[in-house]
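Trainee: To start, I am sharing the structure in question, which I have written as structure tokens.
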Amino acid sequence: MSEKSKIKLLFITRKYPPSVGGMEKVSYCLGEELKKKVDTKIIAWGKSQKWLPYFLPKAFFEALIIIYRDGITNIHLGDGLLAPLGLLLKAITGKKVTVTIHGLDITYKNSLYQLVVPWCVSKLDKVICVSEATLKECVKRGIPKEMSTVIHWGIYPEEYKISATRADLENIAGRDLDGKKVIITVGRLVKRKGVYWFIDNVLPKLDHNFVYLIIGDGPERARIEDLIKTLNLKDRALLLGRVSDHDLKIIYNTADIFVMPNIEVEGDIEGFGIVAMEAASTGMLIVASYVDGMKDLLNEKVGIPVKERVDFAPRIKKALKDREQNSNISKNVASYIQDNFSWTSIREEYIKAAVR
2 MSEKSKIKLL
12 FITRKYPPSV
22 GGMEKVSYCL
32 GEELKKKVDT
42 KIIAWGKSQK
52 WLPYFLPKAF
62 FEALIIIYRD
72 GITNIHLGDG
82 LLAPLGLLLK
92 AITGKKVTVT
102 IHGLDITYKN
112 SLYQLVVPWC
122 VSKLDKVICV
132 SEATLKECVK
142 RGIPKEMSTV
152 IHWGIYPEEY
162 KISATRADLE
172 NIAGRDLDGK
182 KVIITVGRLV
192 KRKGVYWFID
202 NVLPKLDHNF
212 VYLIIGDGPE
222 RARIEDLIKT
232 LNLKDRALLL
242 GRVSDHDLKI
252 IYNTADIFVM
262 PNIEVEGDIE
272 GFGIVAMEAA
282 STGMLIVASY
292 VDGMKDLLNE
302 KVGIPVKERV
312 DFAPRIKKAL
322 KDREQNSNIS
332 KNVASYIQDN
342 FSWTSIREEY
352 IKAAVR
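If you read the sequence shown in the numbering used here, its first letter stands for residue 2, the second for the next number, and so on.
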């Protein structure tokens, strides 16, 4: 009997397209990959999180119907916030329930949340953490290490490789980039991403031919805009906001360095740097803070870790110099991502951990 005929999986996620974000994309890809090997049903929420009080009871009753109607054998939860729902389903149906923990879904700073969610997670059957840093946060909250494992997020490496020119990048940036070294950051503009800190402390130390493109939006945007004006860096630090998937691929394939200048913020960790993987899959060099989940990705094969903040500017210069001296570096970076983080291999790890 085949794996697909034996196992019937129900995947429940509150982060799903058309909503946009890292968890949304990962949830969609994971669901699609599991379908290829396992009989999988999906209950997904692709709208604003403010409607969770509506989605959670809806998901509960919908799950009960699917479990008994379709003979579900296993339930997988998309993140920790769903653990109370999963525990209730486990108690009623007796099915095996597993969960993926990303970061903020276990560290969220709210006393009631911390009282309820980690306890519920600890009562499930298996915990899949996206990084060693996330695993440590789980253990801190009383979740047994022996019931936990680390499986990183996956990507489709070939998805981000396109033919593009610096002229295409100039069209997106809206300025001439001839002779410039282009640094990029992609992600939500929140404090832990370190964009404000990078502009304030690193960009002024780089030569004037360095231009910093910031892709993304978020609550820190106004503060970052004010800093750019104060430091008179409007020609060197450009806030592009959200861009289309196609434009993002152009940026990945034509910029010089991807930076993740994350800073440690209590209660808000970087679970795993999926945007860094996307950039690296095109051969772009990564320079990133050696914190949280980024520690799992950064090594001499992928990028340059920055353990001391004062080293950021020198490390960026070193990355560019290394690439100039070794034309194979970009190819090696892309190959490493292909070999270690493609969804094909990640899917098999999930099936072993969450299904069997």
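C-beta atoms are modelled at their ideal positions from N, C-alpha and C, and glycine is treated no differently.
Work out the CA separation of Lys192 and Asp269 for me, nearest whole Å.
Mentor: Counted from its first residue, the sequence shown places residue 269 at position 268. Counted from its first residue, the sequence shown places residue 192 at position 191. Distance between the alpha carbons of Asp269 and Lys192: 9 Å.
Trainee: When the Cα of Asp81 is compared with those of Arg176, Thr101 and Ser343, which residue comes out closest?
Mentor: Residue mapping note: residue 81 aligns to position 80 of the sequence shown, counting from 1. It is worth fixing the name first, because residue 81 is Gly in this sequence and not Asp. Comparing alpha carbon positions, the residue from Arg176, Thr101 and Ser343 closest to Gly81 is Thr101.
Trainee: When you compare only the Cα positions, how much space is there between Leu239 and Leu214?
Mentor: The residue labelled residue 239 in the question sits at position 238 within the sequence shown. The residue labelled residue 214 in the question sits at position 213 within the sequence shown. Their backbone Cα atoms lie some 5 Å apart in a straight line.
Trainee: To test your reading of the DSSP string, which unbroken alpha helix (DSSP H) runs of 4 or more residues are found completely within the region 178-232?
Mentor: 196-202 and 222-231
Trainee: Val334 by DSSP, collapsed to three states: which one?
Mentor: Here residue 334 is taken as the residue at index 333 of the sequence shown, counted from 1. The three-state reading of DSSP puts Val334 in helix, counting H, G and I together.
Trainee: Counting only the same chain and skipping the five closest in sequence on each side, list residues whose C-beta sits under 8 Å from that of Leu299.
Mentor: Looking up residue 299 in the sequence shown gives position 298. The residues Ile287, Ala289, Tyr291, Ile305 and Pro306, in chain order, have a CB closer than 8 Å to that of Leu299 in the same chain once the five nearest residues on each side in sequence are set aside.
Trainee: Given a cut-off of 7 Å on the beta-carbon distance, is the pair Ser343 and Pro158 in contact?
Mentor: For this step, residue 343 is matched to residue 342 along the sequence shown. For this step, residue 158 is matched to residue 157 along the sequence shown. Result yes, Cβ atoms of Ser343 and Pro158 sit closer than 7 Å.
Trainee: Just the Cα atoms here: how many angstroms apart are Ile352 and Asp227?
Mentor: Translated into the one-based positions of the sequence shown, residue 352 becomes position 351. Translated into the one-based positions of the sequence shown, residue 227 becomes position 226. C-alpha separation (whole angstroms): 48 Å.
Trainee: Beta-carbon within less than 6 Å of Ile347's beta-carbon, same chain only, minus the 5 sequence neighbours each way: which residues are those?
Mentor: Position 346 of the sequence shown, counted from the first residue, corresponds to residue 347. The answer, listed in chain order, is Gly155.
Trainee: Could you check what DSSP says for Pro306 in three-state terms: helix, strand or coil?
Mentor: Sequence index remark: in the sequence shown, residue 306 carries index 305 (1-based). Residue state, collapsed to three classes: strand.
Trainee: Secondary structure at Met285, three-state DSSP: helix, strand or coil?
Mentor: If you number the sequence shown from 1, residue 285 lands on position 284. Residue state, collapsed to three classes: coil.
Trainee: Whose C-alpha, out of Asp248, Lys26 and Pro262, is nearest the C-alpha of Thr166?
Mentor: If you number the sequence shown from 1, residue 166 lands on position 165. Among Asp248, Lys26 and Pro262, the Cα nearest to that of Thr166 belongs to Asp248.
Trainee: State the Cα-Cα distance for the pair Thr150 and Arg222, rounded to the nearest angstrom.
Mentor: Residue 150 sits at position 149 when you count from the first residue of the sequence shown. Residue 222 sits at position 221 when you count from the first residue of the sequence shown. Approximately 36 Å between the Cα atoms of the pair.
Trainee: Tell me, which residues are paired with Gly242 by DSSP?
Mentor: For the purposes of this step, residue 242 is taken as the residue at position 241 of the sequence shown. DSSP lists Ile216 as partners of Gly242.
Trainee: Assess contact between the region 173-189 and the region 246-262, defined as three or more Cβ pairs (one per stretch) separated by less than 8 Å. Is contact present?
Mentor: With a cut-off of 8 Å, the region 246-262 and the region 173-189 count as touching, because enough Cβ pairs lie within range.
Trainee: Any idea which residues DSSP pairs His153 with across the strands?
Mentor: Translated into positions along the sequence shown, residue 153 becomes position 152. In DSSP, His153 forms no bridge with anything.
Trainee: Taking DSSP as the reference, what is the three-state secondary structure of Lys26?
Mentor: By 1-based counting over the sequence shown, the position of residue 26 is 25. Helix.
Trainee: Would you kindly work out how many angstroms separate the C-alpha atoms of Lys206 and Trp198, rounded to a whole number?
Mentor: Numbered from its first residue, the sequence shown carries residue 206 at position 205. Numbered from its first residue, the sequence shown carries residue 198 at position 197. Cα-Cα distance, rounded: 13 Å.
Trainee: Tell me which same chain residues have a C-beta within less than 8 Å of the C-beta of Lys235, skipping the five on either side of it?
Mentor: Sequence index remark: in the sequence shown, residue 235 carries index 234 (1-based). Ile229.
Trainee: Residues bridged to Leu78 by DSSP?
Mentor: To locate residue 78, count along the sequence shown from 1; it is residue 77. DSSP output for Leu78 lists Ile13 and Val100 as bridge partner(s).
Trainee: Quick one: what's got a C-beta closer than 7 Å to Met148's C-beta in the same chain, skipping five residues either side?
Mentor: Within the sequence shown, numbered from 1, the residue matching residue 148 stands at position 147. Excluding its 5 nearest sequence neighbours in each direction, Met148 has C-beta neighbours in its own chain below 7 Å: Lys127 and Val128, listed in chain order.
Trainee: Could you give the DSSP three-state label for Asn112: helix, strand or coil?
Mentor: Residue mapping note: residue 112 aligns to position 111 of the sequence shown, counting from 1. In the sequence as presented, Asn is not what sits at residue 112; that position holds Ser. Here Ser112 sits in helix by DSSP.
Trainee: Which residues in the same chain as Ala354 place their Cβ atom closer than 8 Å to its Cβ, once the five residues preceding and following it in sequence are excluded?
Mentor: Taking the sequence shown and counting its residues from 1, one reaches residue 354 at position 353. Around Ala354: Thr99, Lys127, Ile129, Thr150 and Ile152.
Trainee: Can you check whether the CB of Leu31 is closer than 7 Å to the CB of Ile67?
Mentor: Taking the first residue of the sequence shown as position 1, residue 67 is located at position 66. Taking the first residue of the sequence shown as position 1, residue 31 is located at position 30. No. Outside cutoff.
Trainee: Could you check the C-alpha separation between Met278 and Ile76 for me, to the nearest Å?
Mentor: As a position in the sequence shown, residue 278 is number 277, starting the count at 1. As a position in the sequence shown, residue 76 is number 75, starting the count at 1. Spanning the two alpha carbons is a distance of roughly 28 Å.
Trainee: What does DSSP give as the partner residue(s) for Lys127 in the beta ladder?
Mentor: For this step, residue 127 is matched to residue 126 along the sequence shown. Partner(s): Thr99.
Trainee: Confirm, please, whether the CB-CB distance from Met261 to Gly274 is below 7 Å.
Mentor: Position 273 of the sequence shown holds residue 274. Position 260 of the sequence shown holds residue 261. Closer than 7 Å, so yes.
Trainee: What's the call for Gly180, buried or exposed, on a 16-neighbour Cβ count within 10 Å?
Mentor: As a first step, residue 180 is located in the sequence shown; it is residue number 179 there, counting from the start. Exposed.
Trainee: For Thr166, does the three-state DSSP call read helix, strand or coil?
Mentor: On the sequence shown, position 165 is the one that residue 166 refers to. In this structure, Thr166 counts as coil in the three-state DSSP scheme.
Trainee: At which residues does the alpha helix (DSSP H) containing Asp71 begin and terminate?
Mentor: What you label residue 71 is simply residue 70 of the sequence shown in a count that begins at 1. Residues Leu53 to Asp71.
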